[in-house]
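Here the protein sequences line up with chains A and B, keeping their order. As numbered in this note's numbering, residues 1 to 513 make up the first sequence, in order. As numbered in this note's numbering, residues 514 to 625 make up the second sequence, in order. For glycine and all other residues, C-beta sits at the position ideal for the given N, C-alpha and C.
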Amino acid sequence: MNLILPPGVSRARFDQALKAFASVVGSEWVLATDEDRETYLDVYSPGRDTSHAASAAVAPATVEQVQALLKIANDYRIPLWPISRGKNFGYGGAAPRMPGTVMLDMGRMNRIIEVNDQLGYCILEPGVGFFDLWEHLKANKIALQMGIPGNGWGSVVGNALERGFSPAGDHSNNICGLEIVLPNGEVVRTGMGAMGDGKAWPLFKHGFGPSWDQMVVQGNLAIVTKLCLWMKPADEAAISIEIKLPKPSDLQWYVEALAPLRLQGVIDGLVRLTSYQAAATVPTLRSQWHQGTDSIPDDVIAQMMQRMNVGWWNGPLRLAGFSDVCEANLKRVLDRLAKFTRQEFPVTRMRGDAQPGPTTYPLQMVNWYGGRGGHIGYSPVMPADPKLVQEQFERTRRRYQQFGLDYSGTFYIDGRAATNVNLILYSKDDEEQKQRVRQLFEALIKDAREQGYGEYRTHLSYMDDVAATYDFNRNALLKLNERVKDAIDPNGIIAPGRNGIWPKAYRAHRGVL
Amino acid sequence: MKRLLVLLALALPALGLADDLSASQLAGQQVFAHRCGMCHREGGTGTFVLARRLGAAQSLLEQRTDLQPETIRYVVRWGLMNMPRLSRVEVPDPDMNQLVAYLTRLRPTATP
Chain A
1 MNLILPPGVS RARFDQALKA FASVVGSEWV LATDEDRETY LDVYSPGRDT SHAASAAVAP
61 ATVEQVQALL KIANDYRIPL WPISRGKNFG YGGAAPRMPG TVMLDMGRMN RIIEVNDQLG
121 YCILEPGVGF FDLWEHLKAN KIALQMGIPG NGWGSVVGNA LERGFSPAGD HSNNICGLEI
181 VLPNGEVVRT GMGAMGDGKA WPLFKHGFGP SWDQMVVQGN LAIVTKLCLW MKPADEAAIS
241 IEIKLPKPSD LQWYVEALAP LRLQGVIDGL VRLTSYQAAA TVPTLRSQWH QGTDSIPDDV
301 IAQMMQRMNV GWWNGPLRLA GFSDVCEANL KRVLDRLAKF TRQEFPVTRM RGDAQPGPTT
361 YPLQMVNWYG GRGGHIGYSP VMPADPKLVQ EQFERTRRRY QQFGLDYSGT FYIDGRAATN
421 VNLILYSKDD EEQKQRVRQL FEALIKDARE QGYGEYRTHL SYMDDVAATY DFNRNALLKL
481 NERVKDAIDP NGIIAPGRNG IWPKAYRAHR GVL
Chain B
514 MKRLLVLLAL ALPALGLADD LSASQLAGQQ VFAHRCGMCH REGGTGTFVL ARRLGAAQSL
574 LEQRTDLQPE TIRYVVRWGL MNMPRLSRVE VPDPDMNQLV AYLTRLRPTA TP
């Protein structure tokens with residue numbers, strides 16, 4: 001990737017800044033070749049690579065180096081895009097929102113500082129991956145559980161800071177205290193960590209006065225250097241109920257049946273239903289099922305369900321905890337399901353600590369079209385209301401059919417709210433298809449806004465569009481975010497444009513791709 | 514017996530016992546385990562896709578005898594098809610050299 005300079009920075013000034021960065025971290029940790037820039041591109045981008053191309057990367061190893069780099073960035077007006085491990089696939093990978101931004105790659109800060117099984121937490125640096133933490137737990141026989149997302153390649157810290165989730169729930173809910181470096185270089189610890197030697201830092205979220213953890217999550221006010229995360233003790237037992245529902249309309253009664261049990265805590269985790277296609281996208285190619293450029297038709301869906309041995313909607317539903325409680329909850333769940341269907345659901349009992357580890361296996365879904373593939377997700381949050389969920393599904397599926405793309409949807413029911421993850425797969429080398437993907441995405445944003453639903457997280461290219469849908473009182477929240485941004489980061493050096501929040505120095509870039 | 518030998522041959526590279534590895538190759542094996550293994554060992558997504566494209570015999574990179582140093586370096590940095598690229602923070606140049614030493618150790622002309 002050819003060099004795209006940060007806005008308003010000359011080549012000479014850019015080179016001086018890189019030299020200054022090198023004086024802090026060593027020249028081997030300032031990466032500025034064409035090949036280096038290539039490694040930070042969004043490999044699954046639905047648009048042009050140049051829209052989100054970094055100019056260089058710098059990789060600190062200590063908090064003091066982060067402080068020194070921020071001072072230089074302020075002096076030279078160099079915008080930085082912090083990443084933990086850069087595996088935010090489907091949302092932009094490592095790439096920055098604004099072309100020319102310098103990557104602040106935190107991957108070298110990869111210490112597992114503490115894992116405490118007595119009180120159930122860990123303290124991590126950003127570079128620790130799910131595989132690293134998993135291996136640490138196994139090697140040290142620590143009986144704590146991790147929430148593991150579909151792609152386990154990434155950073156535990158980065159995922160929590162993006163509000164990533166797994167069937168265990170929203171991982172940012174488990175954040176309990178951060179160490180952050182502000183744009184002026186000041187190091188702050190949040191919550192109880194605001195006391196020097198605060199003993200309850202990873203134990204009690206709020207400390208005294210306003211709570212700042214969620215100001216940093218999905219934001220661009222500071223660089224996170226340590227994150228305390230709650231972990232749940234391993235369960236004694238687990239029960240898996242295999243859910244395969246044969247018809248698209250089964251979604252509605254299933255939500256009606258189980259959302260109340262989730263709300264009451266009978267089900268400890270998100271209730272997930274995924275459409276048939278997820279079973280096919282990983283082990284097979286689209287061409288094995290259908291050649292047309294239309295959305296896969298119903299007769300082919302029927303074949304797919306039969307051959308992959310899946311339903312239109314699929315579970316599993318997991319109950320975990322003490323074995324006697326699990327058995328009692330299983331009876332409640334099965335009794336409740338029996339009120340809506342005569343279908344029987346196979347039950348498997350297992351040890352509670354038989355949790356599967358991280359995997360990258362689902363990533364191969366991008367091979368659906370057989371060549372270079374990509375994926376993005378449109379994921380609005382809505383009420384966990386049976387009728388509204390069914391309508392959301394039907395409206396969304398009609399949009400996929402309108403634009404000739406294969407429907408692949410998941411609903412995560414969390415008692416009150418439901419998150420509807422809509423996966424869109426495409427070929428990177430089919431410009432006409434990518435055009436339809438973008439049209440679909442824009443239609444989904446518009447549809448959801450009309451219903452009063454908003455996305456919880458989005459791809460770089462849609463951050464401004466999604467931020468605009470949060471429009472109460474003429475986007476008053478976005479304006480507040482930008483006032484705070486300007487006060488704390490007057491030169492706008494940290495992650496300009498992240499989630500639609502633009503500092504005044506770069507505000508003209510809003511909406512520009 | 515033949516089946517047992519095949520199984521052993523498959524299992525031993527993962528344990529680092531099958532070959533008499535040089536220090537550099539041994540270090541490269543660690544790089545592979547931490548940076549590549551999640552996709553390119555048994556059951557991984559990279560192994561699956563390679564089996565689909567090249568056949569099962571070519572799917573496990575640690576058993577390949579035909580990998581060229583330049584190919585490994587290129588694929589790590591530029592990706593291949595759906596494989597994401599790995600930066601020099603994730604696989605620094607010295608680690609890349611060790612990785613190349615490890616993955617090319619079975620080439621007929623390999624030198625430790």
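Tyr121/A is bridged by DSSP to Asn116/A and Trp230/A. Leu3/A sits away from Arg601/B, with the two beta carbons spaced by 7 Å or more. Fully enclosed alpha helix (DSSP H) runs of no fewer than 4 residues occupy 63-76 of the segment 58-127 of chain A, in order along the chain. The C-alpha of Thr293/A lies about 11 Å from the C-alpha of Ser287/A. In the three-state scheme derived from DSSP, where H, G and I count as helix and E and B as strand, Gln145/A is classed as strand. If you ignore the 5 residues before and after Arg85/A, its C-beta comes within less than 7 Å of the C-beta of Gly107, Gly127, Gly129, Gly154, Ser155 and Gly158, all in its own chain and listed in chain order. Note that the segment 294-304 of chain A does not touch the segment 332-352 of chain A; fewer than 3 beta-carbon pairs, one per stretch, sit closer than 8 Å. Excluding the 5 residues flanking it on each side, Gln611/B has same chain C-beta neighbours closer than 6 Å at Ser537, Ala540, Gly541 and Val544, in chain order. Cα atoms of Ala194/A and Ile223/A: separation of roughly 16 Å, rounded to the nearest angstrom. Among the CB atoms of chain B, one or more fall inside 7 Å of the CB of Asn367/A. Chain-ordered, the chain A residues with CB closer than 8 Å to the CB of Met551/B read Phe131, Gly152, Trp153, Pro358, Thr359 and Thr360. Glu603/B reaches chain A at Thr39, Arg85, Gly86, Asp105 and Gly107, counting residues in chain order whose Cβ is nearer than 9 Å.
Using a Cβ-Cβ cut-off of 7 Å, Asn610/B does not count as an interface residue toward chain A, since no Cβ of chain A sits closer than that to its own. Per DSSP, Ile301/A is one residue of the alpha helix (DSSP H) stretching across Asp298 to Met308. Residue contact check for Ser600/B against chain A: a CB pair falls below 7 Å. Spatial neighbours of Gly409/A in its own chain (CB-CB distance under 6 Å, excluding positions within 5 residues in sequence) are listed in chain order as Ser275 and Asn422. Going by DSSP, Arg483/A is part of the alpha helix (DSSP H) stretching over Ala476 to Ile488. Only buried fits Ala160/A, as 16 or more other CB atoms lie within 10 angstroms of its CB.
Met596/B carries a strand assignment under DSSP once its states are collapsed to helix, strand and coil. For Arg189/A, the enclosing beta strand (DSSP E) has its first and last residue at Val187 to Arg189.
For Thr281/A, the enclosing alpha helix (DSSP H) begins and ends at Gln277 to Thr281. Judged by beta-carbon spacing, Val381/A lies within the 7 Å limit of Tyr456/A, meaning their Cβ atoms are closer than that value.
A distance below 8 Å between beta-carbons, with the five flanking residues on each side excluded, links Asn367/A to the following residues of its chain, in chain order: Leu285 and Gly373.
Each of Ser211/A, Gln306/A and Pro386/A was checked against the Cα of Glu256/A, and the nearest Cα belongs to Pro386/A. CA-CA distance, Leu444/A to Gln118/A, rounds to 45 Å. Any Cβ of chain A closer than 7 Å to the Cβ of Gly568/B would place that residue at the interface, and such an atom is absent.
The beta carbon of Gly373/A falls within 7 Å of a beta carbon belonging to chain B, placing the residue at that interface. Interface residue (Cβ-Cβ distance to chain B less than 7 Å): Ala54/A is not classified as such. Restricting attention to Gly169/A, Ile112/A, Ile83/A and Val115/A, the CA atom closest to the CA of Arg416/A is found in Gly169/A.
Excluding sequence positions up to five before and after Arg189/A, its CB lies within less than 6 Å of the CB of Glu179, all in the same chain and listed in chain order.
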